[in-house]
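The block underneath contains the structure these notes are about, expressed in structure tokens.
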Amino acid sequence: MIDPNVKVDYGKLRHLVILDRKLNGNFSRLEVIIENGKISAEIVSSFPVEDLIKPNNFISLLYYFGLLTYQTEEELIIPNRSVRMKIFTLN
Numbered sequence: 142m143i144d145p146n147v148k149v150d151y152g153k154l155r156h157l158v159i160l161d162r163k164l165n166g167n168f169s170r171l172e173v174i175i176e177n178g179k180i181s182a183e184i185v186s187s188f189p190v191e192d193l194i195k196p197n198n199f200i201s202l203l204y205y206f207g208l209l210t211y212q213t214e215e216e217l218i219i220p221n222r223s224v225r226m227k228i229f230t231l232n
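Numbering (this note's numbering), first residue to last: 142 to 232.
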């Protein structure tokens with residue numbers, strides 16, 4: 142059973158990693174998170190919707206969705222096992 146609070150609209154997330162039927166830079170960032178469980182990035186406080194595909198904005202969106210949290214000032218990690226299993230597992 143999935144808590145609706147951690148449920149993500151995969152259609153919108155897919156749009157953020159695939160642009161014009163090609164993988165963009167956000168896919169490689171997802172790969173880093175999936176493989177390492179963490180990523181180095183700076184969270185931006187605001188951004189317009191049309192700038193979501195920019196790398197730091199994409200990571201910031203994952204942070205604001207609660208899919209990443211701070212481990213150190215420069216490093217973000219997957220916050221818990223539930224998020225790792227439901228969101229970042231490739232099965």
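We treat Cβ as the ideally placed atom computed from N, Cα and C, and that holds for glycine.
Within 8 angstroms, do at least three Cβ pairs link the region 177-190 to the region 201-212? yes
Nearest CA to the CA of R225: which residue from S169, G178, D192, I200? G178
How is I174 classed by DSSP in three states: helix, strand or coil? helix
Tell me which residue opens and which closes the alpha helix (DSSP H) that I200 is part of. 196-205
Quick check: what's the CA-CA separation for K227 versus I174? 14 angstroms
DSSP state of I218 mapped onto helix, strand, coil: strand
What's the gap between the Cα of E172 and the Cα of D192? 21 angstroms
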